[in-house]
Each structure stands twice: as C-alpha cells, then as structure tokens.
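Structure first, commentary second.
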C-alpha cells in the first residue's frame, strides 16, 4: 500500500519543481515570493505522503512546521515590501 | 471493507496529484501575475485537501488524523492571507488607474 504514496509524492515533487523553475526565473520579486508558497504547499503534500508511506506519524508535525514557515516568510516579505511601497505611494498621494 | 478504503484513498490522492498538476500548469500558462497567484494558491490547496482526505483512513490514531486536518486548515489560512498580502503589494505598486 506504500508505493502509490511514494509515487504520488514523487509526482508532486516533480510538478512543484517544474513550477519552481518557472517562478524563480522571473525577474518580478513578487513572483519569486510565490515560490515560497508553491514550495510550502507542494512540500507539505510530499512530506505527508512520505510520512504515510513510511508509517511515521512524526512527519505530520514536519508538514505542520513547513506550512508555518511558508506562511511566516510570505508575511515577512510583504511587510518589508509594504513599508517600502507605502512611502512611495504616500508620496504619490501627497503630490496627487 | 479495507479494499473500499484503499480505493477511496487511491482516488483521492490521484485527484490531489492531478490538481497539483493543474495548479502548476496554471502557474506556467497564465499571463498575469495576479492570475498566476490565483492559480497557484487555489489549485494547490484543493490538491492538498484531497491528499489529506485520502490519507485520513491511514492515520494510526485519531489525533494523527486530527493533525492532518489541522495541517490542511493551516494551509488554507496561510495561503489565503499570503495571497491577499502579495496581491496587496502588487496593487500598491501598480500606478493608480
């Protein structure tokens, strides 16, 4: 019963790698940030599947932590960006 | 009875994997960053949900299954907020229409 799990996990990892390759190559910073989101979700799915295949319940905690890190890094990126963007847009509003 | 559970698991995980493929294909194909963000977070999350659903009958203990559902809930919430935040950054950067 384990091999379909590992097969699905490998499939998801290759699909995620394909998406990552495209996202990481684009020059827009925001799109590169989406790589974290993609890696987070794809990585969590692969970890869960491998955990179920190897019958180790601890992998669920690994998946939980990975998901948390993806969310925190996204928030950190946007809070950094918004303080940068806020000054620019505030100046725009002052001029307008 | 177990063959039914196994069949359900295989179908759910197959569906989840297909949704991941759809999400990534959407990511590759869509022209605009915002639509890519949409494709990315929606399809991947649904794929993750189906995979968790497929894995539930295999969780050894009840709390293990509960933790699986928690992983999916956290994925939902974090993807929603992250997408909103990223879209906000994008919206502020674009020149006001």
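Chains as they are written, first to last, in the working numbering: chain A, 9 to 104; chain B, 2 to 98. Beta carbons are placed, not taken as given, at the ideal position from N, Cα and C, and that holds for glycine.
- Message: Below 7 Å on C-beta distance, what does residue 42/B contact in chain A?
- Response: Taking the first residue of the second chain as position 1, residue 42/B is located at position 41. Within chain A, the residues near residue 42/B are 45.
- Item | Straight-line gap, residue 94/B to residue 72/B (C-alpha atoms, nearest Å) | Walking along the second chain from the start, residue 94/B turns up at place 93. Walking along the second chain from the start, residue 72/B turns up at place 71. Rounded to whole angstroms, residue 94/B to residue 72/B spans 32 Å at the Cα level.
- Based on Cα-Cα distance, which residue from 52/B, 9/B, 75/B lies nearest to residue 73/A? Mapped onto the first chain, residue 73/A falls at position 65. Per the Cα distances, 75/B.
- Query: If we call anything under 9 Å between Cβ atoms a contact, is residue 56/B one with residue 56/A?
  - Reply: Locating residue 56/B in the second chain gives position 55, where the first residue counts as 1. Locating residue 56/A in the first chain gives position 48, where the first residue counts as 1. Yes; because the gap between Cβ atoms is below 9 Å, this pair is in contact.
- Task: Assuming residue 65/B and residue 65/A form a contact by the criterion Cβ under 8 Å, report the distance between their Cβ atoms to the nearest whole angstrom.
- Result: Taking the first residue of the second chain as 1, we reach residue 65/B at position 64. Taking the first residue of the first chain as 1, we reach residue 65/A at position 57. Confirmed, Cβ separation roughly 5 Å.
- residue 30/B lies in the alpha helix (DSSP H); which residues open and close that run? If you number the second chain from 1, residue 30/B lands on position 29. Looking at the DSSP string, the run of the alpha helix (DSSP H) that includes residue 30/B is 3-30.
- Query: For residue 35/A, which residues in chain B fall below 9 Å Cβ to Cβ?
  - Reply: One-based indexing of the first chain puts residue 35/A at position 27. The premise fails here: residue 35/A is roughly 11 Å from chain B at the closest Cβ pair, so nothing lies under 9 Å.
- Item | Spatially closest choice to residue 92/B from 34/B, 68/B, 25/B, by CA coordinates | One-based indexing of the second chain puts residue 92/B at position 91. That would be 34/B, whose Cα lies nearest to the Cα of residue 92/B.
- Cβ-based burial, residue 52/B [other Cβ within 10 Å; buried from 16]: In the second chain, counting from the first residue as 1, residue 52/B sits at position 51. Buried: at least 16 other Cβ atoms inside 10 Å.
- Message: Does residue 65/A come out as helix, strand or coil in the three-state DSSP assignment?
- Response: On the first chain, residue 65/A is found 57 positions in, with the first residue counted as 1. Residue state, collapsed to three classes: coil.
- Message: Using 8 Å for Cβ pairs, my map puts residue 58/A next to residue 27/A. What's the rounded Cβ distance?
- Response: Locating residue 58/A in the first chain gives position 50, counting from the first residue. Locating residue 27/A in the first chain gives position 19, counting from the first residue. Incorrect: roughly 19 Å between the Cβ atoms, too far for contact.
- Message: Quick check: is the beta carbon of residue 60/B nearer than 9 Å to any beta carbon in chain A?
- Response: Start at 1 with the first residue of the second chain, and residue 60/B comes out as number 59. By this cut-off, residue 60/B is an interface position.
- residue 41/B and residue 84/B: beta carbons closer than 9 Å? Taking the first residue of the second chain as 1, we reach residue 41/B at position 40. Taking the first residue of the second chain as 1, we reach residue 84/B at position 83. Their beta carbons are under 9 Å apart, which means residue 41/B touches residue 84/B by this criterion.
- By the 10 Å Cβ neighbour count, where 16 or more other Cβ atoms means buried, how is residue 63/A classified, buried or exposed? Against the first chain, residue 63/A aligns to sequence position 55. Looking at its Cβ environment, which holds fewer than 16 other Cβ atoms inside 10 Å, residue 63/A is exposed.
- Item | Beta-carbon proximity check, residue 60/A vs residue 59/B, cutoff 9 Å | Position 52 of the first chain, counted from the first residue, corresponds to residue 60/A. Position 58 of the second chain, counted from the first residue, corresponds to residue 59/B. Contact: yes.
- In the stretch 47-59 of chain A, which residues sit with their C-beta less than 8 Å from some C-beta in chain B, listed in chain order? 48, 49, 50, 52, 53, 56, 57
- Query: List, in order along the chain, the chain A residues whose C-beta lies closer than 8 Å to that of residue 8/B?
  - Reply: Counting from one through the second chain, the residue named residue 8/B turns up at place 7. Correct list: empty, because the minimum Cβ distance to chain A is about 11 Å.
- Can you tell which of 88/A, 89/A, 71/A, 54/A has the C-alpha that lies nearest to the C-alpha of residue 14/A? Here the question's residue 14/A lines up with position 6 in the first chain. Nearest of 88/A, 89/A, 71/A, 54/A to residue 14/A, Cα basis: 54/A.
- Query: Mind checking residue 6/B: buried by the 16 CB within 10 Å criterion, or exposed?
  - Reply: As a first step, residue 6/B must be located in the second chain, where it is residue number 5. Classification for residue 6/B: exposed.
- Message: Can you check which of these residues, 30/A, 37/A, 10/A, 70/A, is closest to residue 90/B by C-alpha distance?
- Response: The sequence position of residue 90/B within the second chain is 89, counting from 1. Of the listed residues, the one whose Cα sits closest to residue 90/B is 37/A.
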